[in-house]
DNA sequence: CCTTTTATTTCGAGGCTCGAAAAAAATAGT
DNA sequence: ACTATTTTTTTCGAGCCTCGAAATAAAAGG
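Chains as they are written, first to last, in the working numbering: chain A, 780 to 1193; chain B, 780 to 1193.
Listed below in structure tokens is the structure:
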């Protein structure tokens, strides 16, 4: 409740942030564009841009493309200086580590994937691998200039609210792995650790801000079932863990056995292993298979599309579980745009009817609200993009806006 | 994404807000106290307080109580000036309207309850009654000085996100009643309409900020089952409706008949009518009774406490439904402090075991987190207090802090 | 080469916070 | 009674920041 006091330089910080955000979003902008876009006066924009350019954060592009055959003094377009900083991007998913290096302008300098079995690995193993990959990319010197200033890492698992530790993940035996502090020690830069679905949401908001703004959810239907939630334009996380464990809401009390050990979770009906288990006619208390081959899954879907049968029924069961989950979600938030991402999005035709069926009648109290569901089959590029944007926006908002992020908004609570 | 630009006077606004909030929370404070409490410099506090006093928002109390037998210039204590403004408080629940008038210092000037059957009433009827009551209180002239400047109204029903309309309520047949705009027209002041559970949460946060800060939920177990949710220190509402319809999450797919017309809702197992229905041995598809007499409910509870039997079982069923609902809530947010309010809190002993049983094992991923549940049998005073605080804090933060609330925090989204 | 047009910078004016110094208002001591 | 001491509050100048108006810069048109 103490709240943050405001000082003169907070004003400057906020307005610098505005300018930086605008330039990142819309690319080449002149000072005049910025004046109109931010609402700041021309003199203020001039002062702020002058500072940013002299600090090397923004770059002036004097000889703009000839398209401007207008009278008068030509505009000087501004853009983020790619060489002022670099950010590291790390994604950890089932049996796969991806590491990339991105410059301040958003360009990918290097990207590398390593396959290794995650389940038997220790946190130390993974950290060694990640550090080696990233260090090599940093030292290769490509995209020279610009120190590494931030790392965003996403994991297929539950992280703590502080963005430091991975509390639990279905892909590895070890728990409570402190990726954040370890990478900070290794590279001497701040690290943001988050659930991969949060990064999905971040990427969607970046690529389609018209559709995904304010409140929306990205649901990853893949090895597990996760959700990234944006509320009031901000990524949502619980008070202790990254939470938003959509896949582990209770669908059927004391129902099917889930990989998490509990019973009746949505994932125990809609996860790939659950669909496979049902399609094979196994009892839903059969221990979950560790991993379902992509080809097997695709064949299952084709079978389900061709003939009515146990396979099709398995997909319907999955759809129903997801639908009821959305129903519960909407009981708390409201219908919001939903993005389905990953392999599950490729079988949307098989699950959509039951999803809509389960939702019908629950869509809020003010009547007709059509539920917007969009599908994105490829989760990987989105996750990486989300990580990159997380880091870059952090640099924009909390570093290059000036000093430590004292933030303009009131602190939430004591 | 446009974001709000910051100007010099935003700094002033924010710091005035800080001062006002501190004085409201801690009562008699001197300028020196404020200096320490807000972190502002003595000179700034002096300037801000001088302005607030000259505007009549704060009152100086020169002759403080003799307890201060200290050396040096005595402190002058400051407090909200009760006569600078008044706020109206309205609560609409089943067959009952409460209207109160509160001064700027938080003192109740008048309070009145009207009993009338709400189900057959129209929105127009209710508005007429409310307006008459409030108008009479305003005109009675008690607590003279200070115009009516804001009205907070809470309803036992679903409201829209804008705080204007009541979309649906179990207590009245009519839908989409625009209480907000109607009262604004009648009294010429802004009106905030909200779900009563949100007001519960607001009141709890006010009375026990140490326990209820950041994230927490207040669940009203009464005629229906509602929830008021605070996330990151701010009241949460959906994007369209007030949402947080805890009672209408799906507990058992296609299960018991709920008053809302759907099936399997938590309320259909844990609402008073549901408990009664189960205790009577009626099928759970029997149409919900409109209203359960408080005495009947109490006797049911006593019976359940005395002997094992169908009554006790009914309460256990209710506990299980609530537990699973909390479970789902925690899947999304995390375990947070929970307040149980209303008649249901009086039978907490009967439902607690099943609640805890349903929750066990779901409490997050980082192990032992004891779930804090506190009970508050009386919902009514809390609701009214929540309304009053909502209005008063609005005046503090958005009116007396200076000009229109341009707000310091970044706007959330486009 | 001068005029028009458009973009950017420069230059007070006015707000705000802050630290230091001054003023105010009480008690303690002689 | 009068001065010294202590604590609170106000006053004042310095240093930021934004803004509007005027000045300057840099192009195309005639």
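C-beta: ideal position from N, C-alpha, C; glycine also.
Residue i, buried or exposed, once every other Cβ within 10 Å from all chains shown has been counted against 16
i              : result
residue 935/A  : buried
residue 762/B  : With chain B covering only 780 through 1193, there is no way to say anything about residue 762/B.
residue 1052/A : buried
residue 1179/A : buried
residue 1146/A : With a pLDDT of only 47 at residue 1146/A, under 50, the local geometry of the prediction cannot be trusted, and the value read off the model is given with reservation. It is exposed - the Cβ of residue 1146/A has fewer than 16 other Cβ atoms within 10 Å.
residue 890/A  : exposed
residue 990/A  : exposed
residue 1175/B : buried
residue 1015/A : buried
residue 1049/A : buried
residue 892/B  : exposed
residue 1040/B : exposed
residue 939/B  : buried
Length of the line joining the Cα atoms of residue i and residue j
i              : j              : result
residue 1105/A : residue 1006/A : 11 Å
residue 953/B  : residue 905/B  : 11 Å
residue 1086/B : residue 1079/B : 11 Å
residue 1046/B : residue 1027/B : 6 Å
residue 1055/B : residue 963/B  : 40 Å
residue 1098/A : residue 1032/B : 13 Å
residue 957/B  : residue 900/B  : 15 Å
residue 788/A  : residue 943/B  : 38 Å
residue 1077/B : residue 792/B  : 51 Å
residue 1124/A : residue 909/A  : 29 Å
residue 808/A  : residue 1127/A : 40 Å
residue 1088/B : residue 1082/B : 9 Å
residue 925/B  : residue 898/B  : 36 Å
residue 1121/B : residue 837/A  : 58 Å
residue 1142/B : residue 1043/A : At residue 1142/B, the pLDDT of 47 sits below 50, so the modelled position is not reliable; the number obtained from the coordinates is stated separately. Each residue's Cα considered, the two are about 16 Å apart.
residue 970/A  : residue 941/A  : 11 Å
residue 1066/B : residue 883/B  : 46 Å
residue 803/A  : residue 797/A  : 10 Å
residue 1254/B : residue 861/B  : Because chain B spans 780 through 1193 in this model, residue 1254/B falls outside it and cannot be assessed.
residue 1068/A : residue 1038/A : 9 Å
residue 875/B  : residue 1073/B : 15 Å
residue 859/B  : residue 907/B  : 32 Å
residue 1030/B : residue 1116/B : 22 Å
residue 1218/A : residue 871/A  : Nothing can be reported for residue 1218/A, as the shown portion of chain A is limited to 780 through 1193.
Those residues which DSSP pairs with residue i across a bridge
i              : result
residue 929/B  : 866/B
residue 910/A  : Answer is none; residue 910/A lacks a bridge partner.
residue 1044/A : 1029/A
residue 858/A  : 838/A
residue 1153/B : 1118/B
residue 978/A  : DSSP lists no partner for residue 978/A.
residue 938/B  : 945/B
residue 995/A  : 1009/A
residue 1014/B : 1009/B
residue 891/A  : 878/A
residue 970/A  : 930/A
Contact set between the segment 788–815 of chain B and chain A, restricted to residues whose Cβ is under 9 Å from the partner | 789, 790, 791, 792, 793, 794, 796, 797, 800, 801, 804
Residues from the segment 1086–1104 of chain A in contact with chain B, defined by Cβ distance under 8 Å | 1099, 1103
Segment contact flag, the segment 871–885 of chain A with the segment 813–825 of chain A, C-beta cutoff 8 Å, min 3 pairs = no
Interface positions of the segment 925–948 of chain B facing chain A (Cβ-Cβ less than 7 Å), listed along the chain = 937, 939, 946, 947
Could you run through the segment 1012–1032 of chain A and flag, in chain order, every residue whose CB is less than 8 Å away from some CB of chain B?
-> 1012, 1013, 1015, 1017, 1018, 1019, 1020, 1022, 1023, 1024, 1025, 1027, 1028, 1029, 1030, 1031, 1032
Identify each residue in the segment 986–1009 of chain B for which the Cβ-Cβ distance to at least one residue of chain A is less than 7 Å, and report them in chain order.
-> 988, 992, 993, 994
Touching by the beta-carbon criterion (3+ pairs, under 8 Å), the segment 976–988 of chain B and the segment 993–1002 of chain A | no
Cβ contact check for the segment 1109–1116 of chain B and the segment 1059–1071 of chain B: 3 or more pairs under 8 Å | no
At a cut of 8 Å, does the segment 964–978 of chain A reach the segment 1165–1180 of chain A through at least three beta carbon pairs?
-> yes
Contact list for the segment 822–833 of chain B against chain A, Cβ threshold 7 Å = none
Please confirm if the segment 962–976 of chain A is in contact with the segment 924–942 of chain A, defined as three or more CB-CB distances below 8 Å between the two stretches.
-> yes
Check whether the segment 942–959 of chain A touches the segment 913–927 of chain A, counting contact only when three or more Cβ pairs, one atom from each stretch, lie closer than 8 Å.
-> no
Identify each residue in the segment 1037–1057 of chain B for which the Cβ-Cβ distance to at least one residue of chain A is less than 7 Å, and report them in chain order.
-> 1041
Compile a chain-ordered list of the residues in the segment 1108–1124 of chain A whose CB is closer than 9 Å to at least one CB of chain B.
-> 1108, 1109, 1110, 1111, 1112, 1113, 1114, 1115
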